[in-house]
Amino acid sequence: MIFVDTWAWVALADRRDAYHKKAAAAHQQLRSQQRVYVTSDFVAGETITYLYGALPAAAAESFVEAVLSAVNKGTYRLVHLSPQQFDSAWQLRKKYRDKPDISFVDLTSMVVMRELGISDVFTGDDHFRHVGMGFQLVP
Numbered sequence: 025m026i027f028v029d030t031w032a033w034v035a036l037a038d039r040r041d042a043y044h045k046k047a048a049a050a051h052q053q054l055r056s057q058q059r060v061y062v063t064s065d066f067v068a069g070e071t072i073t074y075l076y077g078a079l080p081a082a083a084a085e086s087f088v089e090a091v092l093s094a095v096n097k098g099t100y101r102l103v104h105l106s107p108q109q110f111d112s113a114w115q116l117r118k119k120y121r122d123k124p125d126i127s128f129v130d131l132t133s134m135v136v137m138r139e140l141g142i143s144d145v146f147t148g149d150d151h152f153r154h155v156g157m158g159f160q161l162v163p
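Number 145 in this note's numbering belongs to position 121 of the sequence shown; there are no gaps in the numbering.
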């Protein structure tokens, strides 16, 4: 399993994104290795918000529909944060108050990853390294 962060979804969806080629190559490799993609409802919400601001609505909708279709088929896994996971993310926010640039969405992702035993994250966001929880960034 590999956790897919907003960074990866955005880079995959937006061909104009500076990291599109890098993300597309990593995506191709990860899918050929049959890595199971895991993401969260918080990441999905952040991705949808970003894509509708960056792309024409039809392109944003098409990408999101493709991801949701993969979720419905069981190809990707979408985790819906529980109240307990939200609280755990809030505890991390307070623990890492000296790192205000780490988004709350990233902290929720870290909670999900830790609970599912996922150490690899498909992202270019270095914040996952700043917490010392052993996360490995791909690519």
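Glycine included, every Cβ here is placed at the ideal spot set by N, Cα and C. Note that this is a predicted model, so its numbers are computed, not measured.
query	result
Are the segment 111 to 131 and the segment 86 to 94 touching by the rule of at least three beta carbon pairs closer than 8 Å?	no
Cα-Cα, which of 96, 83, 136 is closest to residue 113?	136
Would DSSP call residue 127 helix, strand or coil?	coil
Whole angstroms is fine: what's the gap from residue 42's alpha carbon to residue 102's?	26 Å
At what residues does the alpha helix (DSSP H) containing residue 74 begin and finish?	65 to 78
Which whole-angstrom value describes the C-beta separation of residue 62 and residue 110, a residue pair presumed to lie in contact below a C-beta threshold of 8 Å?	Not really, about 17 Å apart at Cβ, beyond 8 Å.
State buried or exposed for residue 60, treating a residue as buried only when at least 16 other CB atoms are found within 10 Å of its CB.	exposed
Within this structure, are the beta carbons of residue 155 and residue 144 separated by less than 8 Å?	no
How about residue 30 and residue 71: are their beta carbons less than 8 Å apart?	yes
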